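Here is the structure we will look at, set down as structure tokens.
Okay, here's the thing in structure tokens:
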């Protein structure tokens, strides 16, 4: 998902949104705690994750969104345009270079069927280190840290939330409900442009291959509110298979899960009938997020 291309168009949309932070009392941080916007290097074992914190111009402390990127080798600069949407709403943004990319150390690897069971948890550990860092930051409300996982990041966000009591809620966009094997199979099938979304989804019942990383256990254990946002015209991720898995776990485990479907949206958040970004995308998500921050 090309976040820079998408979010750079959204400054005008901000005027119709409202994401009012709940100004709860937060613990007074020690004097040596980090403060201010800027670039930070966060250690995680033998690697260092490099990231940038953008802060609103209004008084803090602020809620903060950690943006978890999808697949690909883009660095944090591709994701930072999200600040055009968040900062006017009084919400801080943390973006980062994935392990082995940009200024983050370590070795970068593409996630695939064979290595996903190791790499997805590894990427979650990097985000967990970011969450722990932000919880000590003087300008951040430690009770209002939330995660936005896009595409592949939808597998990462629940794992982080399950390992931390500092995550208020998660938002997963166009990903996170199916295994790596199922997602890859769907993506391959979708290369046949003559197949409809309905046909592609039905063909998943025939999948008999390996699954690699499977989010089922993580979703069953998830105890924070979660919003899944999907496009009904996504030919990269199996929207309707994902939704069925999420709804099943929601019913069986009484989870605070919400699914938001944009029927004409593709994987890049574009309405295929208009070729434009849906102006209701962020207002609906922020309305949900505001309700979770206030509680």
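Numbering (this note's numbering), first residue to last: 222 to 516.
Ideal Cβ positions, reconstructed from N, Cα and C, are used throughout, including at glycine.
Predicted, not measured: the structure shown is a model, and the values here were computed from it.
In its own chain, which residues sit with a C-beta less than 8 Å from the C-beta of residue i, not counting the 5 before and 5 after it?
i           : result
residue 462 : 398, 399, 403, 407, 422 and 425
residue 479 : 446, 447, 448, 449 and 509
Could you please give me the residues that DSSP links to residue i through a beta bridge?
i           : result
residue 479 : 448
residue 455 : Bridge partners of residue 455: none, in fact.
residue 264 : 269
residue 370 : 289 and 393
Compute the Euclidean distance between the alpha carbons of residue i and residue j, then round it to the nearest angstrom.
i           : j           : result
residue 232 : residue 486 : Low confidence applies here, because residue 232 scores a pLDDT of 40, under 50, leaving its location unreliable; read the following figure in that light. Their Cα atoms are separated by approximately 20 Å.
residue 346 : residue 415 : 40 Å
residue 352 : residue 510 : 18 Å
residue 490 : residue 456 : 12 Å
residue 339 : residue 292 : 15 Å
residue 328 : residue 336 : 14 Å
residue 350 : residue 265 : 6 Å
residue 333 : residue 306 : 32 Å
residue 488 : residue 369 : 15 Å
residue 361 : residue 271 : 18 Å
residue 387 : residue 348 : 12 Å
residue 273 : residue 297 : 8 Å
residue 282 : residue 413 : 50 Å
residue 444 : residue 454 : 29 Å
residue 262 : residue 316 : 12 Å
residue 494 : residue 294 : 30 Å
residue 290 : residue 492 : 21 Å
residue 481 : residue 320 : 30 Å
residue 429 : residue 484 : 28 Å
Are the Cβ atoms of residue i and residue j separated by less than 8 Å?
i           : j           : result
residue 358 : residue 401 : no
residue 446 : residue 354 : no
residue 379 : residue 436 : yes
residue 405 : residue 373 : no
residue 366 : residue 438 : no
residue 277 : residue 303 : no
residue 300 : residue 288 : yes
residue 377 : residue 326 : no
residue 392 : residue 448 : yes
residue 314 : residue 308 : yes
Spatial neighbours of residue i within its chain, please: C-beta separation below 7 Å, excluding the five flanking residues on both sides.
i           : result
residue 410 : 416, 421 and 424
residue 238 : In this prediction, residue 238 scores a pLDDT of 45, lower than 50, which makes its location untrustworthy; the coordinate-derived value is nonetheless stated afterwards. For residue 238, where only same-chain residues beyond five positions count, the Cβ hits under 7 Å are 310, 503, 504 and 507.
residue 419 : none
residue 258 : 274, 275 and 276
Once the 5 residues before and after residue i are set aside, which same chain residues still bring their CB inside 6 Å of it?
i           : result
residue 477 : 446
May I ask whether a heavy atom of the ligand FMN can be found less than 7 Å away from the beta carbon of residue i?
i           : result
residue 359 : What this structure holds is no ligand at all, so the ligand FMN is not there to describe.
At least 3 beta-carbon pairs within less than 8 Å: the stretch 464 to 474 vs the stretch 500 to 508: Pairwise C-beta distances place the stretch 464 to 474 out of contact with the stretch 500 to 508, as fewer than three of them are shorter than 8 Å.
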